[in-house]
Structures are given as C-alpha cells and as structure tokens.
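If you want our numbering, it's the position in the first sequence, counting the first as 1, plus 165.
Below is one structure, written out as structure tokens; the observations come after it.
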Amino acid sequence: MRYSRMLIPTLREDPGEAEIVSHCLMLRSGLIRKLAAGVYNFLPLGWRVMKKIEQIVREEMELAGAQEVFLPVLCPSELWHESARWDAYGKELMRITDRHGRDFCLGPTHEEVITDLVRREVRSYRQLPINLYQIQTKFRDEIRPRFGLMRGREFMMKDGYSFDRHEAGAQRAYSMMYKAYNRIFARCGLDFRAVEADSGPIGGSFSHEFMVLAESGEDSIASCTECDYASNLEKAECVGPRMNELPEGPCMKDMAEVETPGRKSVEDVCEFLGCRPEQLVKTMIFIQEGKPLAVLVRGDHEVNEIKLKNLLGGVSEVILADESTIEYATGGPSGFSGPVGLKGLPILADLSLKGMVNFVVGANEADKHLLNVNLDRDFKVDRYADLRYITDKDKCPRCSGILNFHRGIEVGHVFKLGTKYSKSMKAVFLDEDGREQYMIMGCYGIGIGRTMAAAIEQNHDEDGIIWPLPIAPFQVHILPVNMDNEDVSGAGEEIYQDLQKEGIEVLLDDRDESPGIKFKDADLIGIPLRVTVGIKSLREGMVEMKWRDSKDVVREGLPHIAAKVRNMIEDKKRTADSKLESIL
RNA sequence: CGGGGCGUAGCGCAGCCUGGUAGCGCAUCGGUUUUGGGAACCGAGGGUCGGAGGUUCAAAUCCUCUCGCCCCGACCA
Numbered sequence: 166m167r168y169s170r171m172l173i174p175t176l177r178e179d180p181g182e183a184e185i186v187s188h189c190l191m192l193r194s195g196l197i198r199k200l201a202a203g204v205y206n207f208l209p210l211g212w213r214v215m216k217k218i219e220q221i222v223r224e225e226m227e228l229a230g231a232q233e234v235f236l237p238v239l240c241p242s243e244l245w246h247e248s249a250r251w252d253a254y255g256k257e258l259m260r261i262t263d264r265h266g267r268d269f270c271l272g273p274t275h276e277e278v279i280t281d282l283v284r285r286e287v288r289s290y291r292q293l294p295i296n297l298y299q300i301q302t303k304f305r306d307e308i309r310p311r312f313g314l315m316r317g318r319e320f321m322m323k324d325g326y327s328f329d330r331h332e333a334g335a336q337r338a339y340s341m342m343y344k345a346y347n348r349i350f351a352r353c354g355l356d357f358r359a360v361e362a363d364s365g366p367i368g369g370s371f372s373h374e375f376m377v378l379a380e381s382g383e384d385s386i387a388s389c390t391e392c393d394y395a396s397n398l399e400k401a402e403c404v405g406p407r408m409n410e411l412p413e414g415p416c417m418k419d420m421a422e423v424e425t426p427g428r429k430s431v432e433d434v435c436e437f438l439g440c441r442p443e444q445l446v447k448t449m450i451f452i453q454e455g456k457p458l459a460v461l462v463r464g465d466h467e468v469n470e471i472k473l474k475n476l477l478g479g480v481s482e483v484i485l486a487d488e489s490t491i492e493y494a495t496g497g498p499s500g501f502s503g504p505v506g507l508k509g510l511p512i513l514a515d516l517s518l519k520g521m522v523n524f525v526v527g528a529n530e531a532d533k534h535l536l537n538v539n540l541d542r543d544f545k546v547d548r549y550a551d552l553r554y555i556t557d558k559d560k561c562p563r564c565s566g567i568l569n570f571h572r573g574i575e576v577g578h579v580f581k582l583g584t585k586y587s588k589s590m591k592a593v594f595l596d597e598d599g600r601e602q603y604m605i606m607g608c609y610g611i612g613i614g615r616t617m618a619a620a621i622e623q624n625h626d627e628d629g630i631i632w633p634l635p636i637a638p639f640q641v642h643i644l645p646v647n648m649d650n651e652d653v654s655g656a657g658e659e660i661y662q663d664l665q666k667e668g669i670e671v672l673l674d675d676r677d678e679s680p681g682i683k684f685k686d687a688d689l690i691g692i693p694l695r696v697t698v699g700i701k702s703l704r705e706g707m708v709e710m711k712w713r714d715s716k717d718v719v720r721e722g723l724p725h726i727a728a729k730v731r732n733m734i735e736d737k738k739r740t741a742d743s744k745l746e747s748i749l
C-alpha cells in the first residue's frame, strides 16, 4: 500500500478527548475517529489491526473445534422475555420499536439467540457437543462510555457458546476455550493473566477473566507469587483467622461507653481513642428489598458488595442505606452504628471478626462509641461469611503465599453457564434412554477492539505505538527519505515491489514530505520493521533496517534487501512460535 | 442518575470576568527556497462563536432553556 493513497490522518497534538495512552495514540495515529460518545469509525489502518486480531481468534477457535456463525444484531424481545433478561438487563439494553410497534433490542450478547437456534435444530445427544461462535458488533448503552475503544457503546466482540450433554463435556469445552484464549492473547503479544472472576448477571457458576496487565485497567487483580492463584479483586477469597490465630482464653474486658464527639470515620475514631483500625469494627447498614441489614467488617477492611449480594441470593439489589434508614434501623446517626443492642435486623459479619476481642464499635447514639466489645457476650452474629475486599496484608487463600496486586484490562471472559438459559428457554435433547435433558452451556467472549487498545497500552513509547508483529497493520514500512532523488525513490519502489512479491504486507511512504515528518509518522503508527532508504547509504549501495522496538540499525545491500527482510520477519515469527509452545 | 467542566476555523486553544471590527499556533491551498527526526519565507481560503429564546442601541461575552461532549462517582460479561 502506498502511504500517499491511504487515509492515515495522523495528529501532531494530543486530542483533548483522550485520557489514556491507547485512546490518544489510536486517534493520533489515525486508527479511529469518534462519531458519537462510545461510537467509533475505524479508519483503514485501525481496521487492518482489527482484522488481524479477528483472524487470530478465528484460527484458534477453529483449532478448538468451534464453528463460526453470524447472528443478527436485531433481536426480538420475545426471546429476552423468555430468559427474563428483558427486565433484568436494565437500561444498558438498547431497545427499539419497529413500525408495527414490536419491541426489539440490539444484541449486547447472544445467549438468547443462540439458545433459540440450538433448541430448534438440536434434538439428540448424537448432535452434541456443539460449539458456535461469531464475531460481530455488540451494543450496550453504557452509562458512561470512556477511554475510546475500552468501553464503547458499540463494539466488536467474539462471542462463543458451547452446548454439552453432561457436566464432564461442559468442563471439557470450558478447558478447550480457556486454552484457546491463552493462545490467542499470547499470539497477540500481550502480557496477561487468567483470573477467577465473579460471573455477574450473566449467571452461571464459574468464570475466568483474561486480564491484560496495565496501569490504566479498570479492574484490580490479585495474584499469588508462589502458586498460580489469580483473581479479580471483586472475587478474591479472604480466609478467616486460622485456629492458631484465634484469641485465647477469658481475656475479655468489661464493656465501656466513651464520648467520641464528632468522630465518625474509622480514622478519626482511632486517632481520638489512640487505637488502630484493626481494633475497630465498622457497622454498615445496607438495604435489600426495602429491609435493612447490618454488615460488620474490621476497621481496616472494606465491604465487598458483590460478595454480599451473592451471599444474599444474588438477584435483588443491595445498596448502602441512607441516613434516615440508618437512624430508623439503629436509633443513632450514621458514623456511630454498632451491633450491640441492634434489634429487628439481621447481623452479618466478616470472617475476620472471629479473631477479634475487646474491639471498638459505635454505640448507636450520637458522639458515643463502645470499648471492649466482644462477640457472643455483647451481641450475636446471625451469620459469618467472607464479605470484604482482599488487602495487601492478606495471604493467598490457596497456599498462604504473598499476593501481588495489579491493574488489568478485561479482554476476555469465559463462563460456565450450566443450565441457566437452557432451562428458562427449554433447550433440551433426548439422551440414550430417550429422556429429555437440559443442555449444559458455556459462553466465551473476547473484546476485539479492547484487545487492540490493550495491545497499545502495553506496547508503546513516547513516540507512538509499537505493534507486536502478529497484529500490526503492516509488517514493513519503507521510508524513502528524499523522494525528489530518483535513486532513492526508485530504490524504495523496487523494494516495495520485491517485498510484495514475497507476500509481505508493506507500506511505502511515497509522500513528498520532509524526513522529519516521515520519521515521526512512522514511529507514531508503529509498524514493526522500518526500511529506510536515503542518499547517504544508497551511495554505498546500502539500505537500513530497524525494528520499531529497538535502536539497532541493520544495513544490507540493496539487491538482498527483500530476502533479508523476509528472514528477519521469519526469525521474529519463529521466536514467537517457540515462546507460544513453551507457554502452553 | 449525582458532582465538576467544556462547546469559538479541520486540530489545539485565547478572547467571556469588565458587551462595541472574531484572534493565535498547527493543518489546508498557491508560490519560492529547502530535505536523515514534525523546515523557512511570501500569499490565499476557511467561522451562522453548539442551538433556541431573552436583556440591550449593540451579545462569542450578560440571563433563561436546550443539545452535545469530557472528567469524578454510582453502574457494568
């Protein structure tokens, strides 16, 4: 491709709308342009990258035995009523009405559509297992689209669904996808982790998220330095105190009330009373279905509302109570709530409380706290559970090893769905005995655009993008420095032709621009291998080559350039392949 | 949905407080000179100042409403 003929509108300055580096570089290098909030045009260069990623996904899906289909964007509401998600999905679901007044939505995901397809066409256990996927535009009316392609309202996604006749098969399908995902993201040149995750409203029992490690990530993950445990912070398990950490004997002191004027926060109370946050118990009042409940966590811990919601059944919303509810439920203002004397509402406590004696709580009265409060003696806990976020003081729940914390970008998610959709939508088959059985499903998503953004987050420098070879829009960028010199432009043209014959994707910067502009643009758009043709070297019959991620310049005689370039690229590919083999 | 902010040339911004000829840099077009890291000079084009209403002799500027966008939070395969 000739640069002069291609639409690559690079920007010299940082666009005002971009907050993170990948968004900024995607705009500056002319990959995308915004059409509306969370809605983007893909320009030629950006679209080439998208297709590269899609192709890797296709190859690995086919290798794992999945078949590509293409489902409609426009989905009738009936199917969504069947799964009860028409009401449950909320405002994120883009809804449309046609001229006849029939309701539709723009698919944010396709469990309903695929389940409908499969229940119509699959009758027998002989037809199972089956695994179908598609790559298609999805719609979610995000409250706040942000970070460019990272969180859009319209975005490209690979979504796949497996149907099995029994649990073992479903487990096998899940493992196949888990492995395929590892290969996909490794091939895209990403540093990532597969972490245990909350399955959210999609439902199902078990899930892993694939997280690309990046500071700008919207999620936090914890991973063990000693075993292979890794988890989304939302899900990361916190274990209670071990037997040897439990308090011993009758060392309980007498409970006492103290004045704590205006001290509401854990920090203020601790400073005032001269104690540490871990000696305090926070009492948080939540509301579920209009009813209040109390949740106790240690002063240095935070309540994990997702764990709380899952514990309470995981369906209806659990929200933090407002001031009037707190006063109604506890008899005191917020900031002074405590479990002692609480009546008429369930008291849930985090496991860590089991290790505490003589702790501080609110007195359910303004400006008063209680000292030396003890479990069972002073109040009763209705239920102990893991209700908090993990902290850096916690140990690995599997092996007690030290935990590391990272930010991550979720680029893929695999779920075991079980029979959630097959039951609600009656997707059944006949087994060997002629009995009707529900299909066991799994679902598997990859954000294609998000993967592209994540790749840039991880592969850039102050000058621009550094594309990993497998997803680069072109492999080679030919940069003739002086186009008005016929030797230079002629050599550039010759190399361009030769490389194309080799089947290499090559961009020839045939613009009559100053060298500075051409070099800056080349760095910005980040094509992995640059071939520079300039008068100085050319007088000696030489041409220069440089990887975008390196400072080293390789010189080669003009006649051998095509072969040399091919070898360099083949080498790079072989290195990547062997790395892939060693990982998996 | 709550809080904050921004809409002025293709892009980045100034002007607004204190009303009176709409500006700067980059980009674009023509020309001359340049050419190994975003060149120099000369010339040119490009704006219903997001939209509507109001106040005023006069509104980019003040007031009201509205739309769009950005950030923080809540939300979230």
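Yeah, the Cβ is synthetic: ideal placement off N, Cα and C, and Gly gets one too.
Being a predicted model, the structure only gives us computed values, none of them experimental.
DSSP places Asp-677 outside both helix and strand once states are collapsed to three, so it counts as coil. For the 7 Å CB-CB criterion, Met-215 and Gly-313 do not form a contact. The beta carbons of Gly-566 and Cys-389 sit closer together than 7 Å. For Pro-241, the closest C-alpha among the options Gly-272, Glu-219 and Ala-379 is that of Gly-272. Of the candidates Val-404, Val-238, Ala-249 and Ala-345, Val-238 places its Cα closest to the Cα of Ile-261. By the neighbour-count criterion, in which 16 or more other beta carbons inside 10 Å mark a residue as buried, Gly-655 falls on the exposed side. Distance from the Cα of Ile-613 is smallest, within the candidate group Glu-257, Gly-195, Gln-220 and Ile-185, for Gln-220.
Residue pairing from DSSP places Ser-372 in a beta bridge opposite Phe-580.
Just so you know, the alpha carbons of Met-417 and Phe-544 end up roughly 14 Å apart.
Among the bridge pairs identified by DSSP, Cys-389 is matched with Leu-568. Val-483 and Ala-514 have their C-alpha atoms some 16 Å from each other. Considering only Cys-353, Asp-686 and Pro-645, the residue with the shortest C-alpha distance to Met-707 is Pro-645.
Within the same chain, Cβ atoms closer than 6 Å to the Cβ of Val-698 are found at Pro-645, Val-653, Ala-656, Gly-657 and Val-708, the five residues on either side in sequence being excluded. Our two residues, Ser-587 and Ser-502, have alpha carbons roughly 45 Å apart in a direct line. Per the C-alpha coordinates, the member of Gly-478, Val-468, Leu-461 and Met-449 positioned closest to Thr-490 is Met-449. DSSP, read as helix, strand or coil, puts Asp-626 in strand.
Shown here, Trp-712 sits in a strand according to DSSP, grouped into three states. Below 8 Å, enough C-beta pairs join the region 680–698 and the region 623–640 to call them touching: three or more. Met-376 and Leu-536 have their C-alpha atoms roughly 44 Å apart. In this chain, the beta strand (DSSP E) harbouring Cys-270 covers 268–271. By the Cβ neighbour-count rule, Val-718 is exposed, with fewer than 16 other Cβ atoms within 10 Å of its own.
Partner residues in the beta bridge of Ile-452, as assigned by DSSP, are Pro-457 and Ile-484.
Spanning the alpha carbons of Leu-510 and Glu-470 requires a straight line of approximately 18 Å.
For a cut-off of 8 Å, the C-beta gap from Ile-218 to Asn-206 is around 17 Å, too long to register as a contact.
Contact annotation: Glu-307 and Gly-382 have beta-carbon atoms that are not nearer than 7 Å. Partner residues in the beta bridge of Phe-328, as assigned by DSSP, are Ile-295 and Met-606. Here Thr-302 carries a strand assignment [DSSP, helix/strand/coil]. Note on His-534: 16 or more other CB atoms within 10 angstroms of its CB, so buried under the neighbour-count rule. Note on Gly-325: 16 or more other CB atoms within 10 angstroms of its CB, so buried under the neighbour-count rule.
A residue is called buried when at least 16 other Cβ atoms come within 10 angstroms of its Cβ; Thr-302 does not meet this threshold and is exposed. Between Gly-607 and Asp-688, the C-beta gap is not smaller than 7 Å, which leaves the two residues out of contact.
It is roughly 44 Å from the alpha-carbon of Glu-670 to the alpha-carbon of Arg-284. With respect to Tyr-290, Phe-524 sits apart: the two C-beta atoms are not nearer than 7 Å. By a beta-carbon distance limit of 8 Å, Ala-335 does not contact Lys-585. Their separation comes to about 12 Å.
Comparing alpha carbon positions, the residue from Ile-512, Phe-451 and Tyr-493 closest to Leu-485 is Phe-451. Looking at Ala-741, Leu-516 and Met-341, the one whose alpha-carbon comes closest to that of Leu-634 is Ala-741.
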